[in-house]
Amino acid sequence: MNLAGQWHYAMQIMPSLLSGVQMTLSIFIFTLIGAIPLGIIVGLGRASHFKPLKDLLGIYVWIMRGTPLLLQLIVVFYGLPIIGIVFQRYNAALFAFIINYAAYFAEIFRGGLQSIDRGQYESARVLRLTYWQTIRKIVLPQVMKIVLPSIGNEVINLVKDSSLVYVIGLGDLLRAGNVATSRDVTLLPLLLVGIIYLLLTAVLTFIQQRVENHYSYFK
Amino acid sequence: MLELKQVSKRYGRKTILNDFNLTVNQGEILAIVGPSGAGKTTLLRCISGLERIDSGEIQLDGKPFDPYINRDNDSVTGVVFQDFQLFPNLNVLENITLAPMLALKKDKDAARKQALDLLKRLGLDGKEQLYPYQLSGGQKQRVALARALAMQPRILCYDEPTSALDPDLRQEVEKMILGLKTDGMTQLVVTHDLDFAKQIADNIKRVEAL
Ligand SMILES: Nc1ncnc2c1ncn2[C@@H]1O[C@H](COP(=O)(O)OP(=O)(O)O)[C@@H](O)[C@H]1O
Ligand SMILES: [Mg+2]
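Here it is in structure tokens:
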């Protein structure tokens, strides 16, 4: 194929790649929407002084970080129905991603929370702020600033990890490229897939930079 | 009037305060003086409700008062911490208005006006938009003071107000504390510096390590 032919071919497979992007992005976005708040809550529990809760959440984090996400996807979609919990494919993927990523976020937030001086809680307390007011107005903004670089790492991992959904039969970007590559016996689709991932992470890196700048007003 | 009657406080098996008695009269400055490790900070934490006393009683105007429990419904004590503990993510104005708005349900304009008045009185006008990292130690202390005053406490407590500052700022702190006294503020000053205590205090209570 000459260059024009390649271009023509690329345009031909683009719609299927873009519909793969749609799946990738939808897993990505909804995982973040679920996993970040959940991660904050689990992180607060992990940083608390209530031992049973701490230990229980510790086991959860251990399981989520201690087994492959691929395995977790399989367990959620193929395993849970055995005990009567049936998810549709897409929901199974989201569920597995959210509980997995929440565990990673939780550990990041726990670290951030524990680096906040106890005196901050105490001065909020003598000023008669409630626990949640203290968390929301004082602690979380400071924690956010601390954890942003690590969160950014995980977010970029998530874009790439979302390709694991193929294992339960969902069609994401990487799978769309794979399908075209094996059907048409050319590596061009995978090259395009690589470029699209790079574009996505470039956008995310830019956003991360912007968010980090937003938090640069205090030290 | 705040009174401590036979107050004891232990950390584990270590007794820090043992049958401790103290009276803080309305409008006076009481200094608590003692060496490092004597339990001064612990005493202040008990009075401000950050620690629970193990035995004894605290009375406010002759009535039993438990700061550890009552902290949510009374502006009794305000605290200026040794390291100030300003909120680094909030600017000077926000540091001062946050608690009056959230805890006293003041509206924004009223809280803001009060904060600006306080800043002016403490010689900090024009600094309201700065963040804590942009302030000197003495300025941070005055913001911490303004923040405590904005909650209109009956008793203002300071933990080692001169320790984090340059020695030549000591007189500024003296002036500040005596200035508040003329406004009728009751103040409790914890310090290891006897000379400083003599300069400011109406009464001095000595404490020693047990
Ligand atoms: N949270 C705590 N747990 C155990 N011991 C403590 C705690 N806080 C203070 N102490 C001990 O109590 C004693 C008095 O401390 P502190 O009240 O800070 O003294 P001061 O302020 O007079 O220097 C010290 O021996 C200190 O080690
Ligand atoms: Mg001390």
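In the order they appear, the protein sequences are chains A and B. My numbering numbers the first residue of the first sequence as -14 and each following residue consecutively. My numbering numbers the first residue of the second sequence as 1496 and each following residue consecutively. Cβ atoms here follow ideal geometry from the backbone N, Cα and C, with glycine treated the same way.
Item                                                                                                                                                                       : Value
Taking Cβ-Cβ distances shorter than 7 angstroms, what residues in chain A pair up with B/Pro1583?                                                                          : Gln127, Phe203 and Lys204
Quick one: residues in its chain with C-beta nearer than 7 angstroms to the C-beta of B/Asp1561, no 5 flanking neighbours on either side, listed in chain order?           : Ile1553
Below 9 angstroms between beta carbons is the criterion; list the residues of the region 92 to 123 of chain A that meet it against any residue of chain B, in chain order. : Asp102, Gly104, Gln105, Glu107, Ser108, Ala109, Arg110, Val111, Leu112, Arg113, Leu114, Thr115, Gln118, Lys122 and Ile123
Just the Cα atoms here: how many angstroms apart are A/Ile(-2) and A/Phe72?                                                                                                : 31 angstroms
Nearest to A/Ala88 by alpha carbon, out of A/Met129, A/Thr52 and A/Ile12?                                                                                                  : A/Thr52
With DSSP as the reference, please indicate the residues paired to B/Asp1556 in a beta bridge.                                                                             : Looking at the DSSP assignment, B/Asp1556 forms no beta bridge with any residue, so it has no partner.
Can you name the residues of chain A whose CB is closer than 8 angstroms to the CB of B/Gln1580?                                                                           : Asp102, Gly104, Gln105, Glu107 and Ser108
Excluding sequence positions up to five away, which residues of its chain have a Cβ less than 6 angstroms from the Cβ of A/Phe15?                                          : Leu79
Under the DSSP definition of a beta bridge, which residues are partnered with B/Gly1573?                                                                                   : B/Leu1651
So is A/Met(-4) buried or exposed if we call it buried at 16+ other beta carbons inside 10 Å?                                                                              : exposed
Counting pairs of Cβ atoms below 8 angstroms between the region 1664 to 1684 of chain B and the region 1518 to 1530 of chain B, do you hit three or more?                  : yes
Once you ignore the five residues that flank A/Glu197 on each side, which residues in its own chain have a CB closer than 6 angstroms to its CB?                           : Leu133
Can the beta-carbon of B/Cys1652 be found less than 8 angstroms from the beta-carbon of B/Gly1534?                                                                         : no
Tell me whether B/Asp1678 counts as near ligand 2, meaning its Cβ is closer than 7 angstroms to at least one heavy atom of that ligand.                                    : no
Grouping DSSP H, G and I as helix and E and B as strand, with all else coil, what is B/Ala1683?                                                                            : Note that residue 1683 of chain B is Leu in the sequence shown here, rather than Ala. Residue state, collapsed to three classes: strand.
Shortest alpha-carbon distance to A/Glu92 belongs to which of A/Ala109, A/Gln105 and A/Ala20?                                                                              : A/Ala20
Would you check whether ligand 2 has a heavy atom nearer than 7 angstroms to the C-beta of B/Thr1657?                                                                      : no
Could you check whether the Cβ of B/Asp1688 sits closer than 7 angstroms to any heavy atom belonging to ligand 2?                                                          : no
In three-state terms, what does DSSP make of B/Glu1498?                                                                                                                    : strand
Counting contacts by CB-CB distance shorter than 8 angstroms, is B/Ala1594 in contact with chain A?                                                                        : yes
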